[in-house]
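This report concerns only the one structure given below.
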Amino acid sequence: MIQLLPHQIPALSRWFPAAAPGPAALAEHALATGTGQWWADRAVHPRAVAVRCADHALLRGDPDALAAGDLTPLADCWIDAPDRFLPALGTTFGQVTPWERMVYVQRMPPSSTPRLPWGVTVRRLAPEHAPALAGLGTDAAWIHGTWGGPTALAASGLGWAALYKDRILAVACAYLLSSTHEDVACLTVPEHRREHLALACVTALCTDIAARGHTASWSCSRDNRPSRLLAWTAGFRLEREYVHYVTGSPARHDHLTA
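First residue of the sequence shown? That's 2 in our numbering, and the numbers climb one at a time after it.
What follows is the structure in structure tokens.
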């Protein structure tokens, strides 16, 4: 496949559903933020299209339109693709692992209001918080991956953090944006887990999402029980289940860690 230029990308939006919750929002997010990369088997009247943002990708179309090596740009990625692409994925990558996933939509208010530890405040991320986001380290860099880095996420106004002085202890943000939904991601630094900081950040973020006239969604793997419990406590209810495929190296994280 060929990588497309910015002026060629808007015409591909018809390949992907609009106003979708969960990872299906990736195409709209990539268009809105300019952070993704797009490929097609040909620039005019394509038969197969892929979009990647951070370590997530959507793949659609006719696998028979692909040549050997066309899917190489999707290495070490979580791919949402119809089953008909499995032979092409298997030929391209030495390892293709199916992963059962769940998409939730917020339908209820949070079932509890967390009490914050002394000295901790929950605030909207602002540009001055970019160094603190970057200071979370490489293991937490995925939280701002779909924004292109900590500076862009901090400046977006679409994240909330639990802070002690100038240090971020937990953060929740709009990880993927569609025209109607905002898919939530959150993390807590390991030594401050079980203090309900993620719930506090998610609650503030979801209030903000509702004020924008959008609906919060939540995506996690079926076997991530802490994430599912946090989603339920925050008022999310199951919308659908699906399978995506991990290529290359095994995934090291889910994109929601409480």
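Idealized CB from N, CA, C, for every residue including glycine.
Residue range R226 to T234 is occupied by the alpha helix (DSSP H) that includes R226. The segment 88–102 makes no contact with the segment 125–142: fewer than 3 CB pairs, one atom from each, lie closer than 8 Å. Contact between the segment 151–159 and the segment 187–196 is not established, with fewer than three Cβ pairs separated by less than 8 Å. The beta carbon of H182 sits closer than 8 Å to the beta carbons of A20, A21, P22, G23, A26, V106, H215, T216, A217 and S218 from its chain, once the five residues preceding and following it are set aside; these are given in chain order. Contact between the segment 201–215 and the segment 67–80 is not established, with fewer than three Cβ pairs separated by less than 8 Å. Secondary structure remark: continuous beta strand (DSSP E) runs of at least 3 residues inside the segment 39–64, in chain order: 49–54 and 57–62. Straight through space, the alpha carbons of A82 and C187 are spaced by roughly 25 Å.
Ranking P227, L170, A68 and G35 by CA distance to the CA of R53 puts G35 first. Going by DSSP, C202 is part of the alpha helix (DSSP H) stretching over L198 to A212. For T92, the uninterrupted alpha helix (DSSP H) run begins and ends at L87 to T93, by DSSP. Below 8 Å, enough C-beta pairs join the segment 234–249 and the segment 105–119 to call them touching: three or more. P99: member of the beta strand (DSSP E) spanning V97 to Q107, first to last residue. Under DSSP, the beta-bridge partners assigned to L177 are D184.
By alpha-carbon distance to S179, the top candidate from A41, H30 and P128 is H30. When the five nearest sequence neighbours on each side are left out, the beta carbons in the same chain lying within less than 6 Å of the beta carbon of I10 are those of W39, in order along the chain. By the Cβ neighbour-count rule, L230 is exposed, with fewer than 16 other Cβ atoms within 10 Å of its own. As a beta-bridge residue in DSSP terms, I3 pairs with A41.
Per DSSP, A25 lies in no beta strand (DSSP E) segment and is marked neither H nor E. Collapsing the DSSP output to three states places A153 in a helix. Inclusion of A89 and P64 in the CB contact set at 8 Å is warranted, their separation being smaller than that value. Going by DSSP, L137 is part of no beta strand (DSSP E) at all; its letter is neither H nor E. The alpha carbon of L198 has as its nearest neighbour, out of P99, W148, T122 and R48, the alpha carbon of T122. Under the three-state reduction of DSSP output, L117 falls in the coil class, being neither helix nor strand.
R125 and H57 have their C-alpha atoms spaced approximately 26 Å apart.
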